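Below is one structure; the comments refer to it alone.
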Amino acid sequence: AQSVTQPDIHITVSEGASLELRCNYSYGATPYLFWYVQSPGQGLQLLLKYFSGDTLVQGIKGFEAEFKRSQSSFNLRKPSVHWSDAAEYFCAVHTGTASKLTFGTGTRLQVTL
Amino acid sequence: KAGVTQTPRYLIKTRGQQVTLSCSPISGHRSVSWYQQTPGQGLQFLFEYFSETQRNKGNFPGRFSGRQFSNSRSEMNVSTLELGDSALYLCASSFLRGLDYGYTFGSGTRLTVV
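Top to bottom, those sequences are chains C and B. According to this note's numbering, the first sequence holds residues 864 to 976 in order. According to this note's numbering, the second sequence holds residues 691 to 804 in order.
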């Protein structure tokens with residue numbers, strides 16, 4: 864069965880600093896990969912997704928992610944973090960065999976001013 | 691187009707009661723799935739409906755059930771509520787073809803069981 868690992872439970876960065884959130888997946892073939900962001904008490908907002916093609920994908924709010932097949936990773940990056948980016952970030956994988964998402968445990972991002 | 695609408699936003703129920711949550715997907719989306727989010731277990735898949743048929747089910751007890759109507763709106767029902775059912779329940783509307791492939795989530799229903 865597929866699984867997703869987000870090794871960092873909590874990350875603190877200063878406003879203006881760069882950010883990288885890690886995501887590793889376990890699946891035999893190339894999965895469909897997603898990054899979502901969740902503000903407290905809210906639903907999940909899609910930041911970006913990868914299916915195939917260019918391994919560097921651009922998303923909303925200045926985020927990007929790079930798919931690395933050799934490392935089974937799909938890390939999320941942002942060159943300069945804003946205070947409003949403070950939230951919880953979830954990496955998820957979808958495989959064609961089941962119409963569902965498998966989520967990582969999430970990374971809570973705190974931004975200091 | 692309008693997003694995914696979940697009602698109600700908040701619910702407080704007593705142990706042993708039952709509850710019904712509603713989800714209206716994005717127009718044209720025929721797949722609706724439900725997820726439970728708790729601090730301890732994270733985001734867990736409950737079930738998915740497509741064209742009024744349950745296609746996939748997660749590992750939850752039979753107290754959790756759902757259905758989908760001909761207009762793609764979906765409801766989930768939890769009977770004999772337990773304290774551990776307190777969670778944020780998220781509905782996702784999905785389109786699984788082409789460039790629009792993906793899942794769009796509603797704002798969720800926060801269920802508190804007392």
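Quick reminder that beta carbons are idealized off the backbone N, C-alpha and C, glycines included. Everything numeric in this text was worked out from a predicted model, so none of it was measured.
The continuous beta strand (DSSP E) containing Ala-782(B) extends over residues 777-785.
The three-state secondary structure of Ile-874(C), taken from DSSP, is strand.
DSSP places Arg-932(C) in the helix class (H, G or I) of the three-state scheme. Burial is judged here by how many other beta carbons sit within 10 angstroms of a residue's own beta carbon; Thr-770(B) has fewer than 16 and is exposed. At a C-beta separation below 8 Å, Tyr-895(C) has these neighbours in chain B: Tyr-791. At a C-beta separation below 7 Å, Phe-926(C) has no neighbours in chain B, since its nearest C-beta there lies roughly 15 Å away.
Note: Ala-955(C) is bridge-paired with Phe-897(C) and Phe-966(C) in the DSSP secondary-structure output. With a beta-carbon spacing of about 6 Å, Val-722(B) and Gln-758(B) fall inside the 8 Å limit used to define contacts. Taken in chain order, the members of the segment 896-915 of chain C whose beta-carbon sits within less than 8 Å of a beta-carbon on chain B are Phe-897, Tyr-899, Gly-904, Gln-905, Gly-906, Leu-907, Gln-908, Leu-909, Lys-912 and Phe-914. Under the Cβ distance rule, Ser-962(C) counts among the residues neighbouring chain B, one pair being separated by less than 9 Å.
Beyond the five residues adjoining it in sequence on each side, Glu-772(B) comes within less than 7 Å, by CB distance, of Arg-705 and Val-803 in the same chain, given in chain order. Contact with chain B is found for Gly-969(C), since one of that chain's Cβ atoms lies less than 9 Å from the residue's Cβ. Taking a C-beta distance under 9 Å as the contact criterion, Thr-970(C) and Pro-894(C) do not qualify as a contact pair. For His-873(C), no CB of chain B lies under 9 Å from its own CB, so it is not counted at the interface with that chain. Collapsing the DSSP output to three states places Leu-976(C) in coil.
Within chain C, the residues Ser-962 have their CB atoms less than 8 Å from the CB of Leu-786(B), given in chain order. At least one beta carbon of chain B lies nearer than 9 Å to the beta carbon of His-957(C). Between the alpha carbons of Ala-950(C) and Gln-905(C) lies a distance of about 10 Å. By the neighbour-count criterion, in which 16 or more other beta carbons inside 10 Å mark a residue as buried, His-873(C) falls on the exposed side. Counting along the chain, Asn-887(C) sits inside the beta strand (DSSP E) bounded by residues 887-889.
Under the DSSP definition of a beta bridge, Tyr-739(B) partners with Val-722(B) and Gln-744(B).
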